[in-house]
């Protein structure tokens with residue numbers, strides 16, 4: 001039988017997929033408050049329901065998942081405030097939450113919040129050797145010499 005923690009993490013994933021940001025905020029707040037007050041947990045071996053920190057089968061944290069779903073900057077800040085260490089987490093493809101946010105074309109305010117929380121995340125390479133900046137440039141055609149738009153290769157500018 002799955003633990004309560006399993007259900008809490010799955011509920012978070014569902015709220016993220018459905019872009020129910022207020023419900024996700026409330027869930028994060030409730031589990032954080034429970035952890036602060038150290039109330040008894042019904043999970044096996046006293047595992048706290050604060051297991052929103054757990055990764056899924058693809059190595060993604062809830063921050064990765066949030067960044068995949070065009071989040072509001074407010075919910076990103078809530079996750080970053082509660083789990084700042086998630087900015088350093090990489091999934092099974094070597095992607096950080098910043099990689100995912102750029103790849104999924106999150107707003108500039110979301111990307112800025114991620115970088116402000118962990119400036120070094122901009123330097124992380126995924127398993128293909130790509131940094132978030134390289135992914136962004138590729139998406140707008142700046143790394144494609146055949147793009148024909150007259151834009152100089154961004155790599156030359158750096």
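Numbering (the working numbering), first residue to last: 1 to 158. All residues carry an ideal CB built from backbone N, CA and C; glycine is no exception.
Asked                                                                                                                   : Found
Residues near residue 23 by beta carbon distance below 6 Å, same chain, minus five either side                          : 15
Whether residue 79 touches residue 63 by CB criterion (7 Å)                                                             : yes
Distance between beta carbons of residue 110 and residue 101, contact taken as under 8 Å                                : 6 Å
Residue 68 beta carbon less than 7 Å from that of residue 104                                                           : yes
Nonlocal neighbours in the same chain, by C-beta distance under 7 Å from residue 66, ignoring five residues either side : 16, 75, 76 and 79
Own chain partners of residue 114 with C-beta closer than 8 Å, once the 5 adjacent residues on each side are dropped    : 67, 76, 80, 87, 97, 98, 101 and 121
Span of the alpha helix (DSSP H) around residue 122                                                                     : Looking at the DSSP string, residue 122 is not in any alpha helix (DSSP H), and its letter there is neither H nor E.
Spatial distance of residue 72 from residue 18 (CA atoms)                                                               : 13 Å
Residue span of the alpha helix (DSSP H) that contains residue 103, given as start and end                              : 97 to 103
Cβ neighbour criterion (16 or more within 10 Å) applied to residue 12                                                   : buried
Coarse secondary structure for residue 20, derived from DSSP in three states                                            : coil
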